[in-house]
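Under this note's numbering, the residues of the sequence shown are numbered 89 to 203, in order.
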Amino acid sequence: QVQPVESGGGLVQPGGSLRLSCVGDETDDELYYMAWYRQRPGKEREFVASLVKGGFAKIEDSLKDRFTIYRGAGENTVILHMSALTPEDTAVYYCWIKTDVGTAWGQGTQVTVSS
89 QVQPVESGGG
99 LVQPGGSLRL
109 SCVGDETDDE
119 LYYMAWYRQR
129 PGKEREFVAS
139 LVKGGFAKIE
149 DSLKDRFTIY
159 RGAGENTVIL
169 HMSALTPEDT
179 AVYYCWIKTD
189 VGTAWGQGTQ
199 VTVSS
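As structure tokens, then:
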């Protein structure tokens, strides 16, 4: 299974925005589900948002007012747009994909919200 690649993390001030990108194998017609998870310091990995091929999107209830997920330029690219960030959003953000033959995690991208 080809590992997805995340990018876009970094240091941002409280109240700021970031856009994370997850790119899967663009040649894979069997990739149908892409999701973002995050792992905050000292906590377990948690669901953030997901997008199913065909357009159905889901966002964790507590994040709906600030986070959006949508397809990027490629068929197997998803963007997580985060706004009004707080220090509580500091985490490693991981992309997870599902295809007809398996699943795969990305390496993660660090997001740090600090002044």
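No residue lacks a Cβ here, since even glycine has one placed at the ideal position from N, Cα and C.
Which residues share a DSSP beta bridge with glutamine 83? No answer is possible for residue 83: the residues shown for the chain start at 89 and end at 203.
Is serine 138 helix, strand or coil by DSSP? strand
Hey, quick one: how far does the beta strand (DSSP E) through leucine 173 stretch, first residue to last? Note, leucine 173: premise wrong, no beta strand (DSSP E); not H, not E.
By alpha-carbon positions, which one of Val199, Gln101, Gln89 and Lys131 ends up nearest to leucine 168? Val199
With DSSP as the reference, identify every bridge partner of glutamine 127, one or two as the case may be. Arg133 and Val180
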